[in-house]
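Novice:
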Amino acid sequence: MLTVSKLSASYGAIQAVRGIDLQVKAGSLCVVLGSNGAGKSTTLRSIAGLHRPVSGSISLDGAEISRLPLHKVVRSGLALVPEGRMVVAPLTVEENLGLSAFAGRNADPELLDKVYTLFPRLAERRLQKAGLLSGGEQQMLAIGRALMTRPQMLVLDEPSMGLAPSIVDLVFQAIVALHREGQSILLVEQNAAIALSVCDYGYVMRRGQIVVEGTPDALKQNPEVLEAYLS
Ligand SMILES: Nc1ncnc2c1ncn2[C@@H]1O[C@H](COP(=O)(O)OP(=O)(O)O)[C@@H](O)[C@H]1O
Ligand SMILES: [Mg+2]
Numbered sequence: 126m127l128t129v130s131k132l133s134a135s136y137g138a139i140q141a142v143r144g145i146d147l148q149v150k151a152g153s154l155c156v157v158l159g160s161n162g163a164g165k166s167t168t169l170r171s172i173a174g175l176h177r178p179v180s181g182s183i184s185l186d187g188a189e190i191s192r193l194p195l196h197k198v199v200r201s202g203l204a205l206v207p208e209g210r211m212v213v214a215p216l217t218v219e220e221n222l223g224l225s226a227f228a229g230r231n232a233d234p235e236l237l238d239k240v241y242t243l244f245p246r247l248a249e250r251r252l253q254k255a256g257l258l259s260g261g262e263q264q265m266l267a268i269g270r271a272l273m274t275r276p277q278m279l280v281l282d283e284p285s286m287g288l289a290p291s292i293v294d295l296v297f298q299a300i301v302a303l304h305r306e307g308q309s310i311l312l313v314e315q316n317a318a319i320a321l322s323v324c325d326y327g328y329v330m331r332r333g334q335i336v337v338e339g340t341p342d343a344l345k346q347n348p349e350v351l352e353a354y355l356s
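Sequence positions in the sequence shown follow this note's numbering and run 126 to 356.
Okay, here's the thing in structure tokens:
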């Protein structure tokens, strides 16, 4: 279980995240909605050890991770799929997947197999350079790379960004399949309709704060959510 409590994060004088609380229970798929600049990515980057929060606590199964550097957060079982994917363009698909193997070890063939089963397109393109993949394939690769660390908590920042609707469907089918297998997932999305169709619980962020939270059914009927995100 991931528990974020009273988390605040800043960029100089900009208070990007202001005292938020959220929880992702083991095996659940939790979504954070919010428009551009709401503080979603800063929240995820803080959770993943890429941005040092000003205050608050972040714990994974009771262990505090908020002051750990990125590689130690990964070791403790949390993997971030960053906004904009960040695959290594000159390396092949398979080399990108191998990057996550802990120092000096080869990629676990069973895990590699699992990623290729989840994303058959990656298997077809395993020797192609990542920079030559489509946006959707790069997103699949970024998710696959995170899965190679065998995360107990998978954190995704706007996986649908910039993708054609048919590709968004493919990526979300994979997210749903992972959730069905029991993978715990924290997902940030601007596409509220699709996010609320797959999640167990959702939060809405605005100007660095959580303004509404609830089950997807409740959120779909919340007037604020309807007006801002589902109209
Ligand atoms: N690297 C940065 N330097 C300065 N300000 C930033 C930086 N990243 C984000 N911000 C600011 O922090 C706020 C929240 O940004 P962000 O977390 O990226 O929002 P979201 O992911 O919801 O679009 C915004 O006001 C944004 O301008
Ligand atoms: Mg963002």
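The C-beta atom is built at its ideal place from N, Cα and C for all residues, glycine as well.
(1) Under the three-state reduction of DSSP, which class applies to A173: helix, strand or coil?
(2) DSSP three-state call for Q298: helix, strand or coil?
(3) Look up L243 in the DSSP assignment and say whether it is helix, strand or coil.
(4) Alpha carbons only, please: which of V142, P194 and F244 is nearest the one belonging to I292?
(5) According to the Cβ coordinates, are L321 and P290 closer than 7 Å?
(6) Pull up the DSSP beta-bridge partners for T167, would you.
(7) Taking only three categories from DSSP, how would you classify S160?
(8) Just the Cα atoms here: how many angstroms apart are S309 and L303?
(9) Could you name the residues whose beta carbon sits closer than 7 Å to any heavy atom belonging to ligand 2, keeping them in chain order?
(10) Report, in whole angstroms, the separation of the C-beta atoms of L169 and M278, which I expect to be a contact under 8 Å.
(11) In the DSSP assignment, find the alpha helix (DSSP H) that holds L351 and state where it starts and stops.
(12) Under a three-way DSSP split, which group does L222 fall into?
(13) Out of D282, P215 and V323, point me to the one whose CA is closest to L252's CA.
(14) Pair every Cβ in the stretch 196-211 with every Cβ in the stretch 153-162, then say whether three or more of these pairs are closer than 8 Å.
(15) Just the C-alpha distance for P276 and R305, rounded to the nearest angstrom, thanks.
(16) For E314, which beta-bridge partners are listed by DSSP?
(17) Is Y328 near ligand 1, in the sense that its beta carbon is under 6 Å from a heavy atom of that ligand?
(18) Taking a contact to mean a Cβ-Cβ separation below 7 Å, would you say Y241 touches A248 in this structure?
(19) Would you kindly work out how many angstroms separate the C-alpha atoms of V206 and V179, rounded to a whole number?
Specialist: The relevant details are as follows:
(1) It is coil, neither helix nor strand.
(2) In the structure shown, Q298 sits in a helix (DSSP, three-state: H, G or I).
(3) Of the three classes helix, strand and coil, the one that applies to L243 here is helix, per DSSP.
(4) The candidate whose alpha carbon is nearest that of I292 is F244.
(5) It is not a contact, given that the beta carbons lie outside the stated cut-off.
(6) Its beta-bridge partners do not exist; DSSP assigns none.
(7) S160 sits in coil when the DSSP states are folded into three classes, being neither helix nor strand.
(8) A straight line joining the alpha-carbon of S309 with that of L303 spans about 8 Å.
(9) Per the CB criterion, closer than 7 Å to any heavy atom of ligand 2, the qualifying residues run in chain order as K165, S166, E208, D282, E283 and V313.
(10) 11 Å between Cβ atoms; not a contact.
(11) First-last of the alpha helix (DSSP H) with L351: P348 to Y354.
(12) Of the three classes helix, strand and coil, the one that applies to L222 here is helix, per DSSP.
(13) Residue P215 is the option with its Cα nearest to L252.
(14) With a cut-off of 8 Å, the stretch 153-162 and the stretch 196-211 do not count as touching, because too few Cβ pairs lie within range.
(15) Approximately 15 Å between the Cα atoms of the pair.
(16) Answer is L158.
(17) Checking the Cβ of Y328 against ligand 1 gives no.
(18) Between Y241 and A248, the gap from beta carbon to beta carbon is short of 7 Å.
(19) Each residue's alpha carbon lies about 23 Å from the other.
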